[in-house]
Amino acid sequence: MQESGLTSAVPTDRCLLVAVSQWPPYVMGNFPDYTGASIDIFKVIQKKLGFCYEFMRPPDGLWGAPLRNGSWFGMMGMMQRKEADMAIGPFGVTLSRSSVADFSVPILSTDHTIFYPRPLVEPDLLGFTKAFTLTVWAAVLASLVVVTAAALICHFISPPRLSWLWGYMVLLGQVLLKRKSGAGERVVVAVWLLASLILAVVYKSNLKALLIVPKVRIPFDSLEELVTQDEMKWNFPKGSIVQSFFEAAYAENATSTMGLGWAGHYNLLLLPRSSIPSALSGV
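Quick note: the sequence shown, position 127, residue 127 per the UniProt record's numbering, numbers continuous.
In structure tokens, the structure reads:
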């Protein structure tokens, strides 16, 4: 950065008009007493060059994005219309924005992430069935039908020794009286006793794990799932660089992931300073 170049760009007959919009921790406080990282950097430059300035607030409180007629809103619109000499905030640099204003050297590189209120554990009346998957429950039911059929066959081809309901009794942990039985019946009983023991131990262990560390259902796990789900409303700050990403993706390919997101949720844009409280409150 050359001081002579900056000095020549600063008007000498008036104070600089500086557009500012709140976005913690970069710009905080109330007009005109702003603080924050971006304000600190601006004041260092101001003291070095010795110019006066006057803060301005954008009427809509937005950073700025282009409209269909080619004009801009937000602080970028103020720059385009020469209503402000410069703007302070965590601006993302895009090709379209570069056609309206010159940007300084980036002072921070950050990622864009999705956040939502921490999910809570919801009551589940059928939670006791979650210890096994549906496939395992189907296998248990099928095995019980086979054991019951075998018990009925043994019941009719030999003198009654065990109730044909003994398979259910074993599975439910009921007492099974010791009686004389044939070799075939003893094999069936032994196999079912072993299977029931394994099922009971695994079921108790899984159920205990679910009770100790309950699973929290996550509404989505990727951007693809976010744009296709209808359970949770979502938004992004109006006039932000994220809006330009979704808008450009929609213009290029309306069926792309971000294109679908813009087509389905473009009417949910919120003011930047209200987007975070709105998301945390679940509105």
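Backbone N, C-alpha and C fix where the C-beta goes; we use that ideal spot for every residue, glycine too.
Of Pro237, Ala151 and Val227, the smallest CA-CA separation from Gly259 is found for Val227. Per the DSSP secondary-structure output, Trp72 pairs in a beta bridge with Pro66. When the five nearest sequence neighbours on each side are left out, the beta carbons in the same chain lying within less than 8 angstroms of the beta carbon of Met56 are those of Leu17, Val18, Ala19, Val20, Met78, Glu83 and Ala84, in order along the chain.
Counting other Cβ atoms within 10 Å of its Cβ, Pro59 stays below 16 and is therefore classed as exposed.
Boundaries cannot be given for Val27, as no beta strand (DSSP E) includes it and DSSP labels it neither H nor E. The C-alpha of Val188 lies about 44 angstroms from the C-alpha of Ile218. The shortest C-alpha to C-alpha distance from Ser96 to any of Arg81, Pro106, Ser244 and Leu207 is the one to Ser244. Closest in C-alpha terms to Ala131, from the list Leu211, Trp234, Leu49 and Asn206, comes Asn206. Going by DSSP, Glu54 is part of the beta strand (DSSP E) stretching over Tyr53 to Met56.
Judged by DSSP secondary structure, Ala249 falls within the alpha helix (DSSP H) whose first and last residues are Ile241 to Glu252.
Ranking Asn253, Arg14, Cys15 and Val216 by CA distance to the CA of Pro117 puts Val216 first. For Val20, the pairing in a beta bridge is given by DSSP as Ile88. Within the same chain, Cβ atoms closer than 6 angstroms to the Cβ of Gln80 are found at Trp72 and Val100, the five residues on either side in sequence being excluded. When only Cα atoms are considered, Gln229 and Phe220 end up about 8 angstroms apart. Of the residues Gly74, Leu62, Leu193 and Gly261, the one whose Cα lies closest to the Cα of Leu223 is Gly261.
Val27 and His112 do not touch by the CB rule: their CB atoms are close to 19 angstroms apart, not below 8 angstroms.
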